[in-house]
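J.:
In this note's numbering, the protein residues as written are 10 to 224.
#1: At the level of alpha carbons, what is the spacing between residue 65 and residue 213?
#2: Return yes when the Cβ of residue 153 is within less than 7 angstroms of the Cβ of residue 90, no when it is not.
#3: If you check the beta carbons only, do residue 75 and residue 53 fall under 7 angstroms apart?
#4: Please name the residue or residues paired with residue 211 in a DSSP beta bridge.
#5: Determine the direct distance from the alpha carbon of residue 174 to that of residue 194, and round the result to whole angstroms.
#6: What are the partner residues of residue 63, as DSSP defines its beta bridges?
#7: Kindly give me the distance between the Cβ atoms of residue 132 and residue 189, rounded to whole angstroms, as I take these residues to be in contact under 8 angstroms.
#8: Three or more C-beta pairs closer than 8 angstroms, one from the stretch 37-47 and one from the stretch 158-166: is that the case here?
#9: Which term fits residue 208, buried or exposed, when burial requires 16 or more other beta carbons within 10 angstroms of its beta carbon?
#10: Would you report the Cα separation of residue 122 and residue 148, rounded to the nearest angstrom?
#11: Short of 6 angstroms in beta carbon distance, which residues of its chain neighbour residue 1, apart from the five on each side in sequence? Order them along the chain.
#12: In chain order, what residues of the same chain have a beta carbon less than 7 angstroms from the beta carbon of residue 113, not counting five sequence neighbours either side?
#13: Quick one: which unbroken beta strand (DSSP E) runs of 3-plus residues sit fully inside the stretch 84-168? Chain order, please.
#14: So, helix, strand or coil for residue 11, using DSSP?
#15: In three-state terms, what does DSSP make of residue 78?
#16: Hey, residue 216 and residue 185: beta-carbon distance below 7 angstroms or not?
#17: Starting from residue 44 and walking both ways along the alpha helix (DSSP H), at which residues does that stretch end?
So, in structure tokens, the structure goes:
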């Protein structure tokens with residue numbers, strides 16, 4: 010992504026309420042279902058490009074105890090951290106396990122561990138240059154353990170060509186899965202029609218890719 014990615018997304022999250030952005034979901038239903046179908050708690054999950062998503066909250070409530078959220082915007086992650094802290098104060102003891110927060114651009118991030126699940130909703134489609142996609146794939150291959158799952162939600166072939174002022178790539182399931190071969194194999198795909206807070210429909214392609222075992 011561009012060198013100004015952090016500034017761009019800090020401005021977005023600093024000037025608009027979390028429930029006003031086009032990708033807002035009150036409940037991350039599809040994400041939670043696909044994560045749960047790919048592995049069982051209490052495994053390790055990383056939400057890449059989490060923004061202010063409530064997926065971390067939802068996973069904690071479902072019994073996951075090793076959750077990492079990564080985003081290029083410290084402003085977005087501060088929203089998540091504050092929300093989870095408020096919940097702990099309201100319901101002491103409900104969430105004892107901490108969430109790990111990583112402020113980083115996924116294209117330059119160096120993972121120091123591996124995960125059972127890598128989840129990305131609405132980040133990968135912003136990578137419009139081949140070298141960006143190659144770097145993303147290489148990082149995912151290092152971060153997802155053999156047998157683990159990579160879950161990607163990106164704009165479908167008939168989805169928006171731009172989002173938040175930035176150009177996007179669009180994918181059918183087979184084309185999206187092909188970007189991650191040979192390290193990952195397609196296990197499941199589906200289409201979701203996300204309705205934005207403004208009432209527009211944004212079609213998404215979802216894929217669940219399984220990390221191949223080392224030879």
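Heads up, the beta-carbon is just placed ideally off N, CA and C, and yes, glycines get one too.
T.: Judging by the given coordinates:
#1: The count along the chain shown starts at 1 and reaches residue 65 at position 56. The count along the chain shown starts at 1 and reaches residue 213 at position 204. Roughly 21 angstroms separates the two Cα atoms.
#2: Taking the first residue of the chain shown as position 1, residue 90 is located at position 81. Taking the first residue of the chain shown as position 1, residue 153 is located at position 144. Cβ atoms of residue 90 and residue 153: not closer than 7 angstroms.
#3: By one-based count along the chain shown, residue 75 stands at place 66. By one-based count along the chain shown, residue 53 stands at place 44. The answer is yes: Cβ separation under 7 angstroms.
#4: Within the chain shown, numbered from 1, the residue matching residue 211 stands at position 202. Assignment of beta-bridge partners to residue 211 by DSSP yields 203.
#5: By 1-based counting over the chain shown, the position of residue 194 is 185. By 1-based counting over the chain shown, the position of residue 174 is 165. Per the coordinates, the alpha-carbon of residue 194 lies some 32 angstroms from the alpha-carbon of residue 174.
#6: Position 54 of the chain shown, counted from the first residue, corresponds to residue 63. Answer is none; residue 63 lacks a bridge partner.
#7: Position 123 of the chain shown, counted from the first residue, corresponds to residue 132. Position 180 of the chain shown, counted from the first residue, corresponds to residue 189. That pair is no contact at about 14 angstroms.
#8: Touching, per the Cβ criterion.
#9: For the purposes of this step, residue 208 is identified with residue 199 of the chain shown, where counting begins at 1. When all chains shown are included, residue 208 counts as exposed.
#10: If you number the chain shown from 1, residue 122 lands on position 113. If you number the chain shown from 1, residue 148 lands on position 139. As the crow flies, the alpha-carbon of residue 122 is around 11 angstroms from that of residue 148.
#11: What the structure shows of the chain is the stretch from 10 to 224, and residue 1 is not part of that stretch, so it cannot be assessed.
#12: On the chain shown, residue 113 is found 104 positions in, with the first residue counted as 1. So the list reads 79, 81, once near-sequence residues are dropped.
#13: Taken in chain order, the unbroken stretches of beta strand (DSSP E) that lie wholly in the stretch 84-168 and span 3 residues or more are 109-112, 124-130, 153-164.
#14: Numbered from 1 along the chain shown, position 2 holds the residue referred to as residue 11. A caution first: residue 11 carries a pLDDT of 39, below 50, which makes its placement in the model unreliable, though a value can still be read off. Residue 11 sits in coil when the DSSP states are folded into three classes, being neither helix nor strand.
#15: For this step, residue 78 is matched to residue 69 along the chain shown. Residue 78 falls in the strand class under three-state DSSP.
#16: Position 207 of the chain shown holds residue 216. Position 176 of the chain shown holds residue 185. Result yes, Cβ atoms of residue 216 and residue 185 sit closer than 7 angstroms.
#17: Residue mapping note: residue 44 aligns to position 35 of the chain shown, counting from 1. Looking at the DSSP string, the run of the alpha helix (DSSP H) that includes residue 44 is 38-47.
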